[in-house]
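Residue numbers (the numbering used here), protein chains in the order written: chain U, 135 to 359; chain Y, 135 to 359; chain A, 135 to 359; chain B, 135 to 359. Notes to accompany the following structure.
Protein chains: 4
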Amino acid sequence: MSADSNHHPQGSTTGDRGPRSLPLDRFNAFSDGVFAIAITLLVLEIAVPPEDVPLLAALRELWPEFLGYYISFAFIGGIWITHSGVTKLMKRGDPAAYALNLVLLLFVGLLPFTTTLMVTRLGGEDEGVAALLYGVDLLLASLVLSALIVYLAREPALLVDNIAEGTLGRVTRQRWASIGLNVVGIALALVAPQVAVALYLVVSTMLLIIPLLGLRRHRRESRAA
Amino acid sequence: MSADSNHHPQGSTTGDRGPRSLPLDRFNAFSDGVFAIAITLLVLEIAVPPEDVPLLAALRELWPEFLGYYISFAFIGGIWITHSGVTKLMKRGDPAAYALNLVLLLFVGLLPFTTTLMVTRLGGEDEGVAALLYGVDLLLASLVLSALIVYLAREPALLVDNIAEGTLGRVTRQRWASIGLNVVGIALALVAPQVAVALYLVVSTMLLIIPLLGLRRHRRESRAA
Amino acid sequence: MSADSNHHPQGSTTGDRGPRSLPLDRFNAFSDGVFAIAITLLVLEIAVPPEDVPLLAALRELWPEFLGYYISFAFIGGIWITHSGVTKLMKRGDPAAYALNLVLLLFVGLLPFTTTLMVTRLGGEDEGVAALLYGVDLLLASLVLSALIVYLAREPALLVDNIAEGTLGRVTRQRWASIGLNVVGIALALVAPQVAVALYLVVSTMLLIIPLLGLRRHRRESRAA
Amino acid sequence: MSADSNHHPQGSTTGDRGPRSLPLDRFNAFSDGVFAIAITLLVLEIAVPPEDVPLLAALRELWPEFLGYYISFAFIGGIWITHSGVTKLMKRGDPAAYALNLVLLLFVGLLPFTTTLMVTRLGGEDEGVAALLYGVDLLLASLVLSALIVYLAREPALLVDNIAEGTLGRVTRQRWASIGLNVVGIALALVAPQVAVALYLVVSTMLLIIPLLGLRRHRRESRAA
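Here is the structure:
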């Protein structure tokens with residue numbers, strides 16, 4: 135309605151300036167914007183306790199909110215790292231890559247909502263459903279990111295070179311581990327919701343820790359060489 | 135008052151560094167920022183249900199909010215895709231392009247408000263007026279985007295080459311279809327508001343789907359060639 | 135405390151990679167981010183009317199909020215246009231330019247607050263004080279922007295070439311008109327607050343209109359030449 | 135879960151396009167986004183006083199909120215300046231730099247929350263705990279920023295040249311002064327909270343003033359030379 139999809143049925147040009155080509159810098163800047171805003175909005179979900187409540191007691195009761203802030207910050211950050219690793223292999227976008235990216239960001243943009251849902255229900259009657267919804271939101275974002283990567287791997291015209299194609303294939307295969315853990319979290323959510331949340335905590339922490347560990351090994355290898 | 139328009143009555147230079155020239159990277163970065171924020175603020179309009187309400191029942195009642203999130207995410211995303219396709223043909227901006235862009239973003243920035251208005255009134259007495267206002271906001275954004283494209287098509291000094299001029303003319307003509315659907319939505323809003331919302335849903339979904347379909351055909355063509 | 139100012143007393147290098155040099159792309163990206171967020175937060179200040187209030191009546195009562203949205207959108211947009219026109223003449227930043235820019239953004243960041251203050255008090259007892267505070271916030275932003283421009287004009291090492299120096303001097307002089315109108319608005323605020331608001335409305339509209347008018351003349355000139 | 139860490143145990147390539155390499159532009163754009171949003175969200179913590187309260191009296195009572203806005207704006211701005219000065223020495227990122235940066239931004243993203251906590255409790259029973267938490271948040275951000283700098287100084291493959299390594303070492307040593315002041319603030323928080331807040335005020339002001347003073351000396355030196 136207010137926009138068309140820049141779709142040209144007659145167009146078959148694949149050059150960088152062809153009608154189907156869309157710029158990579160806009161793709162990246164818009165994505166970075168949404169990632170940054172979603173990650174920063176998370177803090178708005180932690181309500182500042184009213185002034186007449188003793189502070190330490192109030193903060194103790196806010197622990198689920200802090201947990202949610204931490205977990206979702208790490209997950210969105212992890213998606214952002216993967217996304218950056220993928221776009222460095224691209225030289226331009228096209229309407230399909232843009233549209234897949236929008237669907238990815240749609241699910242990322244919901245995370246502040248599903249995070250708050252999960253942590254405010256923790257320990258309550260509906261904690262299972264809430265932990266399930268959080269896991270499903272995460273899984274959908276993850277699957278769309280994989281779809282984007284698979285799509286790019288099949289469109290050499292969008293990539294910087296032929297090696298990029300193989301690298302993307304490898305990234306896609308490695309992602310099955312994290313998608314598998316995500317499915318386990320969803321399965322646990324209904325039978326043992328707090329175990330599911332603990333799993334989210336462990337996996338999100340791994341997303342921040344592994345890059346640091348990986349690097350120490352890398353440095354040992356460099357010294358050995 | 136707090137700013138002038140960088141307007142130089144005596145200036146007639148059209149070079150890239152002339153007084154009327156404004157940089158394209160700032161034009162893009164600011165636009166991407168506003169698009170990203172408007173699209174991410176949409177989630178703040180979905181109120182997290184209070185803890186004492188059964189979760190599934192509460193979520194069922196929130197369906198209009200989710201619908202609004204989806205529709206406006208897709209519309210703003212569609213405007214962003216078109217905007218990116220247009221700016222890839224530019225080599226620089228000028229005060230008029232900057233000002234038109236600001237007016238476009240003014241209407242985009244209102245969409246989180248008009249979206250919430252439309253979905254919270256859905257099924258109520260004023261649903262017609264609310265659906266109308268949403269359609270009008272969308273139409274104004276769409277018309278200003280077309281005005282920006284028409285303006286650019288007439289200013290070769292802002293474009294990368296002569297082919298860009300023709301491409302912009304084609305984009306403008308293709309946009310009449312989406313503007314027409316938008317007008318139909320507005321006309322329906324007062325007589326059959328829920329049909330208008332359904333139309334918004336269909337059109338916004340098309341904005342995400344068409345780029346993906348278009349691509350499959352494109353690939354078949356590539357193979358055939 | 136949590137950061138130092140990257141200040142090196144012993145440093146006197148002025149090369150692009152010297153210790154005092156700071157990158158222009160970060161300067162621009164951060165500024166565009168704050169401008170974009172401040173301009174988009176404005177819409178959050180328009181409260182969606184509750185569902186049991188007739189919509190049209192509720193919207194009529196919201197006219198001051200829409201007015202504030204429009205005026206501040208145009209003012210922030212105008213500052214952004216000037217800021218872009220200035221940074222296109224820069225080749226890099228330094229700690230002083232970064233610090234001046236931060237103070238500018240501090241006052242821009244307050245505009246959503248002072249805007250809401252002004253429009254919610256309109257017609258009430260304190261409308262004069264509120265219109266005054268709005269004008270003062272705008273004036274401080276404007277003066278710091280001028281200070282940044284004056285500073286840059288005296289630091290050729292930060293500029294792309296010698297012509298830039300002269301251009302910045304001209305921009306500074308032209309800005310006195312808008313600063314003068316701003317002072318008139320502040321003076322009017324206490325004696326005739328609604329006239330002050332009307333002046334803000336006229337000036338902010340001019341910020342959007344002048345670039346478009348200026349361009350028509352420019353095109354006539356081009357044809358004549 | 136929803137993302138992997140782009141971690142390749144078998145990878146030991148250090149080239150710019152190797153599997154461990156991550157782009158600098160995404161690193162910067164995302165960081166600028168989070169800094170810009172955190173700094174602009176601060177204004178949302180200043181509640182607009184209700185319309186039936188006399189304005190000047192209401193604003194007088196809001197002075198702690200304005201103080202918090204100012205202090206945190208300056209601290210986040212100072213971190214941003216240091217961060218920009220560091221990334222100008224980088225030519226690319228890697229998963230560890232990305233992960234350290236995420237942890238830095240996690241603590242920066244909490245500042246709007248801890249700021250409001252500190253200023254709303256000022257003068258109350260819990261002002262000590264609140265000032266302590268603010269100082270701890272700031273200290274953690276500061277230490278992680280130092281960790282990032284130390285890490286970069288040891289990874290020449292990420293830097294533009296060999297001089298960058300030495301510059302980063304110097305920056306790290308200079309940062310101990312600000313970290314020391316931060317620790318003093320934390321120590322004071324429990325015994326004399328208002329002195330701690332006054333110290334935050336002085337240090338944050340220095341972050342904005344020193345770059346400007348430093349520059350005047352620099353100019354005198356230039357003239358003398």
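Just so it is clear, CB atoms sit at the ideal spot from N, CA and C, and this is done for glycine as well.
task: Just the C-alpha distance for S218 (chain U) and P345 (chain U), rounded to the nearest angstrom, thanks.
output: Roughly 14 Å separates the two Cα atoms.
- prompt: Can you round the beta-carbon distance between Y285 (chain A) and L239 (chain A) to whole angstroms, since I take them to be within the 8 Å contact cut?
  reply: In fact, because the Cβ distance is near 15 Å, the residues do not count as touching under 8 Å.
message: Pull the bridge partners of L156 (chain A) from the DSSP assignment, please.
response: DSSP lists A:G227 as partners of L156 (chain A).
query: Taking Cβ positions only, does V325 (chain Y) come closer than 8 Å to chain A?
result: no
message: Within a Cβ cutoff of 6 Å, which residues of the same chain sit near R255 (chain A), ignoring the five residues on either side of it in sequence?
response: E261, A264
message: Strictly under 8 Å for the Cβ-Cβ distance: is S136 (chain Y) near chain A by that measure?
response: Residue placement at S136 (chain Y) cannot be trusted, given a pLDDT of 38 that sits under 50; what the coordinates show is reported in the next sentence. Yes, contact with chain A.
- prompt: Which two residues bound the contiguous alpha helix (DSSP H) that contains E289 (chain B)?
  reply: Note, E289 (chain B): premise wrong, no alpha helix (DSSP H); not H, not E.
field: Complete beta strand (DSSP E) runs within the segment 228–313 of chain B (minimum length 3 residues, chain order)
entry: none
task: Use the C-beta contact count for A275 (chain U): other C-beta atoms within 10 angstroms, 16 or more gives buried, fewer gives exposed.
output: buried
F207 (chain U) beta carbon less than 8 Å from that of L176 (chain U): yes
field: Between the CA atoms of G319 (chain A) and V270 (chain A) - distance to the nearest angstrom
entry: 9 Å
field: Chain-ordered neighbours of T221 (chain A) on chain Y, where CB pairs are closer than 9 Å
entry: P157, R160
field: Alpha-carbon to alpha-carbon, L273 (chain A) and Q328 (chain A)
entry: Straight-line Cα distance between these residues: approximately 18 Å.
- prompt: Per DSSP, what kind of secondary structure is I360 (chain A) in: helix, strand or coil?
  reply: Residue 360 (chain A) lies beyond the residue range present for chain A, which begins at 135 and ends at 359; the question has no answer from this structure.
- request: Specify, as a first and last residue, the run of the alpha helix (DSSP H) that I205 (chain U) falls within.
  value: 197–221
- prompt: Using a Cβ-Cβ cut-off of 7 Å (strictly less than) and excluding sequence neighbours within five positions of I210 (chain U), which residues of its own chain qualify?
  reply: F169, A172, I173, V242, L245
Residues of the segment 208–234 of chain Y with Cβ closer than 9 Å to any Cβ of chain U, in chain order: A208, F209, I210, G211, G212, I213, W214, I215, T216, H217, S218, G219, V220, T221, K222, L223
- prompt: Is there at least one non-hydrogen atom of the ligand FMN closer than 7 Å to the beta-carbon of P157 (chain B)?
  reply: In the structure on display, the ligand FMN does not appear, and there are no ligands present to speak of.
message: Alpha carbons only, please: which of U:V182, U:L282, U:T249 is nearest the one belonging to T221 (chain U)?
response: U:L282
message: Just to make sure I have the definition right: I need the residues of chain Y whose C-beta is within less than 8 Å of the C-beta of I173 (chain A). Which are they?
response: V168, L239, G243
message: Less than 8 Å between C-beta atoms, sequence neighbours within five positions excluded: which residues of the same chain meet that for L315 (chain Y)?
response: Contacts found: L333, V337.
field: Proximal residues to V278 (chain B) (C-beta, below 7 Å), its chain only, five neighbours per side dropped
entry: L234, V237, L238, F241
- prompt: Which residues in the same chain as L322 (chain A) place their Cβ atom closer than 7 Å to its Cβ, once the five residues preceding and following it in sequence are excluded?
  reply: Cβ neighbours of L322 (chain A) beyond the five flanking positions: V329, A330, L333.
query: Within 8 Å (strictly less), CB to CB, does F200 (chain A) reach chain B?
result: no
Partners in chain E for I283 (chain A), counting only beta-carbon separations shorter than 7 Å: Judged by its chain identifiers, the structure shown contains no chain E, and its protein chains are U, Y, A and B.
task: State yes or no: is the C-beta of F200 (chain B) within less than 8 Å of the C-beta of W214 (chain U)?
output: no
task: Pull up the CB-CB distance for L347 (chain B) and G212 (chain B), whole angstroms please, since I reckon it's below 8 Å.
output: About 15 Å; that fails the 8 Å criterion.
field: chain U contact residues for G269 (chain B), given Cβ-Cβ distances below 8 Å
entry: Contacts between G269 (chain B) and chain U, judged by CB atoms closer than 8 Å, are missing: the closest CB pair is about 15 Å apart.
query: In chain U, which residues lie with their C-beta within 8 Å of the C-beta of D260 (chain B)?
result: P188, L189, L190
query: Of the residues A:A298, A:A311, A:P184, A:T250, which one's Cα is nearest the Cα of P198 (chain A)?
result: A:T250
query: Taking C-beta to C-beta, are M224 (chain U) and L158 (chain U) nearer than 8 Å?
result: yes
- prompt: chain A beta carbons: is any one of them nearer than 8 Å to that of P345 (chain B)?
  reply: yes
field: Sequence-distant residues of the same chain with beta carbon closer than 8 Å to W310 (chain B), five excluded per side
entry: Cβ within range, chain order: n/a, list empty.
query: List, in order along the chain, the chain U residues whose C-beta lies closer than 8 Å to that of A111 (chain B)?
result: Outside the modelled stretch of chain B, which goes from 135 to 359, sits residue 111 (chain B), for which no answer is possible.
field: Burial state of F325 (chain A) (16 or more Cβ within 10 Å)
entry: Contrary to the premise, residue 325 (chain A) reads as Val rather than Phe in this sequence. Classification for V325 (chain A): exposed.
- prompt: Taking only beta-carbon atoms, is A163 (chain A) less than 8 Å away from chain Y?
  reply: yes
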